[in-house]
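Enquirer:
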Amino acid sequence: EAGVTQFPSHSVIEKGQTVTLRCDPISGHDNLYWYRRVMGKEIKFLLHFVKESKQDESGMPNNRFLAERTGGTYSTLKVQPAELEDSGVYFCASSQGALKYTEAFFGQGTRLTVV
Amino acid sequence: TQLLEQSPQFLSIQEGENLTVYCNSSSVFSSLQWYRQEPGEGPVLLVTVVTGGEVKKLKRLTFQFGDARKDSSLHITAAQPGDTGLYLCAGANRRSNFGNEKLTFGTGTRLTIIP
Chain A
19 EAGVTQFPSH SVIEKGQTVT LRCDPISGHD NLYWYRRVMG KEIKFLLHFV
69 KESKQDESGM PNNRFLAERT GGTYSTLKVQ PAELEDSGVY FCASSQGALK
119 YTEAFFGQGT RLTVV
Chain B
3 TQLLEQSPQF LSIQEGENLT VYCNSSSVFS SLQWYRQEPG EGPVLLVTVV
53 TGGEVKKLKR LTFQFGDARK DSSLHITAAQ PGDTGLYLCA GANRRSNFGN
103 EKLTFGTGTR LTIIP
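Set out below in structure tokens:
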């Protein structure tokens, strides 16, 4: 069974450009999460989808970030326009149910570098 | 804002020694998870503890959740070079009665076992 896959694995863009990250969760997982780690900091929550609905987007840093999950399958996270402080590793995770009782599976991450 | 402080941040010990990693917070969590992360990969779940005072064992690894569900520890017995990696604790808390839990990650402990 395929795990959580993220694309691209690396992206280097200039400040002001747009980047779109993609996450394919494990098939059948209704819950999809985006997290990121900026250099030297801990991994932080961005948002949580249940199917196609945004359940919690309290961690989104600002309105330059837009996440979508049309059809409740894969998700995209767009950064427009990118700023230097957006550099970091963006992780996607998926789970079947509540984290108390089920495992969240993480993708390998997308390393974003804004120059 | 919930914070999880891990200590030590870095630990380098000889093969065969025992070690303990601590994860502390002033906040109460509904459950706490321990992950291990390898370079270039996402975090992989080791264990979830749910009940205050709970102890779980995974071969040479022993995990404990504090009675008040604010802290946790990971103890490794007879460490081996294969235990080398980044260990992360993460607390889960429900944002609302209708939402799934999101994870608050700790600052991480980078463990090196010297053969």
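So the sequence lines, in the order shown, correspond to chains A and B.
Position 4 of the first sequence, counting from 1, maps to 22 under this note's numbering, and the rest follow consecutively.
Position 38 of the second sequence, counting from 1, maps to 40 under this note's numbering, and the rest follow consecutively.
Each residue gets a CB set at the ideal place from its N, CA and C atoms; glycine is no exception.
So, does the CB of Thr-64 (chain B) fall closer than 7 Å to a CB anywhere in chain A?
Expert: No, its Cβ sits nowhere closer than 7 Å to a Cβ of chain A.
Enquirer: Would Leu-94 (chain B) count as contacting chain A if we go by Cβ distances under 7 Å?
Expert: The residue you asked about is not Leu; residue 94 (chain B) is Ala in the sequence shown. So, interface residue.
Enquirer: Could you say which of A:Thr-120, A:Gly-125, A:Val-97, A:Met-57 lies nearest to Phe-83 (chain A) if we only look at CA atoms?
Expert: With distances taken between Cα atoms, Phe-83 (chain A) lies closest to A:Val-97.
Enquirer: Considering only their Cβ atoms, is the gap separating Leu-76 (chain B) from Trp-36 (chain B) smaller than 7 Å?
Expert: Yes, Cβ-Cβ distance for Trp-36 (chain B) and Leu-76 (chain B) is below 7 Å.
Enquirer: With 7 Å set as the bound, which would you pick, yes or no: does the beta-carbon of Glu-60 (chain A) sit closer than that to a beta-carbon of chain B?
Expert: Yes - at least one Cβ of chain B is within 7 Å of the one on Glu-60 (chain A).
Enquirer: Which residue spans inside the stretch 11-53 of chain B form an unbroken beta strand (DSSP E) run of at least 3?
Expert: The qualifying runs are 12-16, 21-26, 33-39, 46-51.
Enquirer: How many whole angstroms separate the CB atoms of Asp-104 (chain A) and Leu-65 (chain A), which I take to be in contact at a CB cut-off of 8 Å?
Expert: Rounded, the Cβ-Cβ distance is 15 Å, inconsistent with contact.
Enquirer: At a CB-CB cut-off below 7 Å, which residues of chain B make contact with Gln-114 (chain A)?
Expert: Those do not exist, as Gln-114 (chain A) stays about 10 Å from chain B at its closest Cβ, beyond 7 Å.
Enquirer: Identify, in the order they occur along the chain, each residue of the same chain with its Cβ nearer than 7 Å to the Cβ of Ala-70 (chain B), setting aside the five sequence neighbours on each side.
Expert: Val-30, Gly-54.
Enquirer: Quick one: does Gly-127 (chain A) have its CB under 7 Å from some CB of chain B?
Expert: Yes, Gly-127 (chain A) counts as interfacial toward chain B.
Enquirer: Under 8 Å, with one C-beta from each stretch per pair, do the stretch 50-62 of chain A and the stretch 101-119 of chain A reach the 3-pair mark?
Expert: Contact holds: three or more Cβ-Cβ distances are below 8 Å.
Enquirer: With distance defined between alpha-carbon atoms, name the residue in A:Leu-95, A:His-28, A:Pro-99, A:Lys-118 nearest to Ser-33 (chain B).
Expert: With distances taken between Cα atoms, Ser-33 (chain B) lies closest to A:Lys-118.
Enquirer: Measure how close the beta-carbons of Glu-121 (chain A) and Gly-110 (chain B) come, nearest whole angstrom, since I'm counting them as under 8 Å.
Expert: That pair is no contact at about 20 Å.
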